[in-house]
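Below you'll find the structure, written out as structure tokens, and then a few comments.
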Amino acid sequence: MVEVRLEGVVKRFGRTTALKGIDLEVRDGEVMVLLGPSGCGKTTTLRIIAGLEKPDEGKVYFGDKDVTLLPPRERNISMVFQSYAVWPHMKVYENIAFPLKIKKVPEQEVKKRVKWAAELLQIEELLDRYPHQLSGGQRQRVAVARAIVVEPEVLLMDEPLSNLDALLRVKMRSEIKKLQRRVGVTMIYVTHDQTEAMVIADRIAVMSEGKIMQVGSPEEVYEEPANTFVAGFLGSPSMNLVEADAKPGNGMTAIRLGSGEIRIPTRLQGDRVIVGVRPEKILFVPSKEDQVELEAEVDFIENLGSDKIVHLRLGDTLLVAKTTETPPGSQGSRVRIYIRLRDLKVFRPDGERIL
Ligand code: ATP
0 MVEVRLEGVV KRFGRTTALK GIDLEVRDGE VMVLLGPSGC GKTTTLRIIA GLEKPDEGKV
60 YFGDKDVTLL PPRERNISMV FQSYAVWPHM KVYENIAFPL KIKKVPEQEV KKRVKWAAEL
120 LQIEELLDRY PHQLSGGQRQ RVAVARAIVV EPEVLLMDEP LSNLDALLRV KMRSEIKKLQ
180 RRVGVTMIYV THDQTEAMVI ADRIAVMSEG KIMQVGSPEE VYEEPANTFV AGFLGSPSMN
240 LVEADAKPGN GMTAIRLGSG EIRIPTRLQG DRVIVGVRPE KILFVPSKED QVELEAEVDF
300 IENLGSDKIV HLRLGDTLLV AKTTETPPGS QGSRVRIYIR LRDLKVFRPD GERIL
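Going by numbering that gives the first Met the number 0, the residue at position 347 of the sequence shown is 346; the numbering climbs one at a time, nothing skipped.
So this is what it looks like as structure tokens:
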């Protein structure tokens, strides 16, 4: 187990700058998830940590050791990829034992370690089978067992669950988290799936276009997004982000939202802002806290079973609310909505959070 640090990492592929200066500290024994849309540079970051790519600028450290130019075999890492990459001609036992045999670990020790990894992944019964005799989920367990059997300092996972069906993904993601807790290995995990990130991560690094937009615990990035990108990327439905006029007054600012007005007890600079509110923070009954009250028209309601998604119209402004209760009113009716002041996020027009 070791801390991993990236300092000013830049990576170019021809004219594309895939990474534009990545600074990231992954603590010893934590799960850091790299989350972001396709092409934002997650895999490139992981490959640089693995030593499969060299950065054009910047450094990579494992603990105090500068590993920037070290080849993968001289870093104590294991990787698990989206494709299971288990060898079809080897039985499960041999697949798991393979990296130990390369390291010339004595036979007795190999047996012990394979047994340990197989038990952890609950595949002891499968050791005598060939990969084609396994399900997708079982094959991925073999790949994970083979990755941990060498007891790496750093375990790197690149979308390891994306070939599995939805139910199995849900099961495997919590198993991976439990496994990491038991083994205590530092883990860096790439995904574009925000729910997977929220479940697995101790901390999430949200990436966009070769940059890190925010690093924080799942709660922090969800509740306190640093900018509109993070606010919009996490959450389903995503955060309502509405451009609005702002009028600074005496120690306060009045923000026009549709036909209503929100007064916040802070004087903001500038006359345009972006107001953010999560769908589940739009309330249909008043709270006991400081809040704004607005009138809206119900546009339509989606019933998702436990959740109802209510599309609301405030003049030209559209808002999406999420509730587990029966929403008041139906299509076309006018309703009152309430938003607690502490649930309002305010961003500058360039996306940076100001409140
Ligand atoms: P995905 O979720 O789709 O895998 P990602 O976030 O992992 O995306 P990367 O694979 O790191 O993104 O790619 C980042 C950028 O670098 C993309 O624009 C990609 O096209 C480019 N890129 C990555 N590898 C290469 C390469 N070997 N040659 C040229 N361009 C590359």
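Positions of the beta carbon are idealized from the N, C-alpha and C atoms, including for glycine. Just so we're clear, the structure is a prediction, and the values are computed from it rather than from any experiment.
Cutting at 6 angstroms between CB atoms, please list the residues of its own chain near Gly248, excluding the five before and the five after it. Position 249 of the sequence shown holds residue 248. Contacts found: none.
What first and last residue would you give for the alpha helix (DSSP H) that runs through Gly136? Here the question's residue 136 lines up with position 137 in the sequence shown. Run containing Gly136: Gly135 to Ile147, per the alpha helix (DSSP H) assignment.
At a Cβ threshold of 8 angstroms, is Met212 touching chain B? Of the chains in the structure shown, none is chain B; there is only one protein chain.
Between Asn75 and Pro151, which are expected to be in contact by the criterion C-beta below 8 angstroms, what is the C-beta distance as a whole number of angstroms? Along the sequence shown, read from residue 1 onward, the residue named residue 75 stands at position 76. Along the sequence shown, read from residue 1 onward, the residue named residue 151 stands at position 152. About 5 angstroms separates the two Cβ atoms, so the contact holds.
Comparing C-alpha positions only, which one of Met78, Val169 and Ile47 sits nearest to Leu68? Within the sequence shown, the letter at position 69 stands for residue 68. Comparing Cα positions, the closest option is Ile47.
Assign Ser305 to one of two classes, buried (16 or more other C-beta atoms within 10 Å of its C-beta) or exposed (fewer than that). Within the sequence shown, residue 305 is the residue found at index 306, counting from 1. By the 10 Å Cβ count, Ser305 comes out exposed.
Would you call the region 200-216 and the region 271-290 touching, i.e. three or more CB-CB distances under 8 angstroms? no
With a threshold of 16 other CB atoms inside 10 Å of the CB of Arg180, please say whether the residue is buried or exposed. In the sequence shown, counting from the first residue as 1, residue 180 sits at position 181. Exposed.
First through last residue of the alpha helix (DSSP H) which encompasses Tyr221: Stepping through the sequence shown from its first residue, residue 221 is reached at position 222. Taken as a continuous stretch (DSSP letters only), the alpha helix (DSSP H) holding Tyr221 covers Pro217 to Glu222.
Alpha-carbon to alpha-carbon, Arg14 and Leu233: In the sequence shown, the residue the question calls residue 233 occupies position 234. In the sequence shown, the residue the question calls residue 14 occupies position 15. Looking at the two C-alpha atoms, the distance is approximately 30 angstroms.
CB-CB length for Gly62 against Glu2, believed under 8 angstroms: Position 63 of the sequence shown, counted from the start, is the residue given in the question as residue 62. Position 3 of the sequence shown, counted from the start, is the residue given in the question as residue 2. Correct: roughly 6 angstroms between the Cβ atoms.
Could you tell me if the beta carbon of Phe12 falls within a distance shorter than 7 angstroms of some heavy atom in ligand 1? As a position in the sequence shown, residue 12 is number 13, starting the count at 1. Flag set: Cβ of Phe12 near ligand 1.
Going by alpha carbons, who is nearest to Val9 out of Arg335, Glu222 and Glu208? In the sequence shown, the residue the question calls residue 9 occupies position 10. Answer by Cα proximity: Glu208.
Please say whether Tyr129 and Pro87 have beta carbons closer to each other than 8 angstroms? Position 88 of the sequence shown holds residue 87. Position 130 of the sequence shown holds residue 129. Against a cut-off of 8 angstroms, the Cβ pair of Tyr129 and Pro87 comes out as a contact.
When the Cα atoms are used, what is the spatial distance from Gln4 to Ser216? As a position in the sequence shown, residue 4 is number 5, starting the count at 1. As a position in the sequence shown, residue 216 is number 217, starting the count at 1. The amino acid occupying residue 4 in the given sequence is Arg; Gln does not appear at that position. Rounded to whole angstroms, Arg4 to Ser216 spans 18 angstroms at the Cα level.
Check whether the region 110-127 and the region 154-170 are in contact - that is, three or more C-beta pairs closer than 8 angstroms. no
Do Thr194 and ligand 1 come close, with the Cβ less than 7 angstroms from some heavy atom? Counting from 1 along the sequence shown, the entry for residue 194 is found at position 195. Thr194: no, Cβ never under 7 angstroms from ligand 1.
Closest Cα partner of Val198 within the set Arg168, Thr323 and Arg255: The residue you call residue 198 lines up with position 199 of the sequence shown. It is Arg168 whose Cα lies nearest to the Cα of Val198.
Run through DSSP, which three-state label would Gln193 get? Mapped onto the sequence shown, residue 193 falls at position 194. Residue state, collapsed to three classes: helix.
Thr173 in three-state terms, based on DSSP: Residue mapping note: residue 173 aligns to position 174 of the sequence shown, counting from 1. Before going further, note that residue 173 is Ser rather than Thr in the sequence given. Ser173: helix per DSSP, three-state reduction.
Give the straight-line distance between the Cα atoms of Leu23 and Pro71, rounded to the nearest whole angstrom. Locating residue 23 in the sequence shown gives position 24, where the first residue counts as 1. Locating residue 71 in the sequence shown gives position 72, where the first residue counts as 1. Using only the alpha carbons, I get a separation of about 19 angstroms.
Quick check: what's the CA-CA separation for Lys287 versus Arg312? The residue you call residue 287 lines up with position 288 of the sequence shown. The residue you call residue 312 lines up with position 313 of the sequence shown. Approximately 25 angstroms between the Cα atoms of the pair.
Return helix, strand or coil for Pro247, following the three-state DSSP convention. Here residue 247 refers to the residue found at position 248 when the sequence shown is read from its first residue. Of the three classes helix, strand and coil, the one that applies to Pro247 here is strand, per DSSP.
Rounded to whole angstroms, what's the CA-CA distance from Asn226 to Lys246? Just pull it up for me. By one-based count along the sequence shown, residue 226 stands at place 227. By one-based count along the sequence shown, residue 246 stands at place 247. Approximately 21 angstroms, taken between the alpha carbons.
Is any non-hydrogen atom of ligand 1 found closer than 7 angstroms to the C-beta of Ala17, if you look at the structure I gave you? Numbered from 1 along the sequence shown, position 18 holds the residue referred to as residue 17. Ala17 Cβ: within cutoff of ligand 1.
I'd like the list of long-range same chain contacts for Ile281, defined as Cβ closer than 7 angstroms, with 5 residues on each side in sequence excluded. Reading the sequence shown from its first residue, position 282 is the one you call residue 281. Leu318, Ala320, Ile336 and Ile338.
Spatially closest choice to Thr44 from Arg11, Ala253 and Asp65, by CA coordinates: Sequence index remark: in the sequence shown, residue 44 carries index 45 (1-based). That would be Arg11, whose Cα lies nearest to the Cα of Thr44.
Among Glu292, Val291 and Gly331, whose alpha-carbon lies nearest the alpha-carbon of His310? Against the sequence shown, residue 310 aligns to sequence position 311. Looking at the Cα atoms, Gly331 is the closest of the given residues.
Buried or exposed (CB count within 10 angstroms, at least 16 for buried), Leu303: The residue given as residue 303 occupies position 304 in the sequence shown. With fewer than 16 Cβ atoms within 10 Å of its Cβ, Leu303 is classed as exposed.
Nearer than 7 angstroms: is that true of the beta carbon of Gly38 relative to any heavy atom of ligand 1? Position 39 of the sequence shown, counted from the start, is the residue given in the question as residue 38. Correct: Gly38 has its Cβ closer than 7 angstroms to ligand 1.
So what does DSSP say about Tyr92, is it helix, strand or coil? By one-based count along the sequence shown, residue 92 stands at place 93. Note: Tyr92 maps to helix in three-state DSSP.
Which value, in whole angstroms, describes the spacing of the CA atoms of Ile21 and Asp65? As a working note, residue 21 is residue 22 in the sequence shown. As a working note, residue 65 is residue 66 in the sequence shown. C-alpha separation (whole angstroms): 16 angstroms.
Helix, strand or coil: how does DSSP classify Asp22 here? For this step, residue 22 is matched to residue 23 along the sequence shown. Asp22 falls in the strand class under three-state DSSP.
Where the beta strand (DSSP E) through Thr252 begins and ends: If you number the sequence shown from 1, residue 252 lands on position 253. Thr252 to Leu256 is the extent of the beta strand (DSSP E) around Thr252.
For Ala230, collect the residues of the same chain with a Cβ closer than 6 angstroms to its Cβ; drop the 5 residues on either side in sequence, then sort them by chain order. Residue 230 sits at position 231 when you count from the first residue of the sequence shown. Once the five neighbours on either side are set aside, the close Cβ partners of Ala230 are Pro224, Met238 and Gly275.
Looking at ligand 1, does it come within less than 7 angstroms of Lys41, judged from the CB to the closest heavy atom? On the sequence shown, residue 41 is found 42 positions in, with the first residue counted as 1. Yes.
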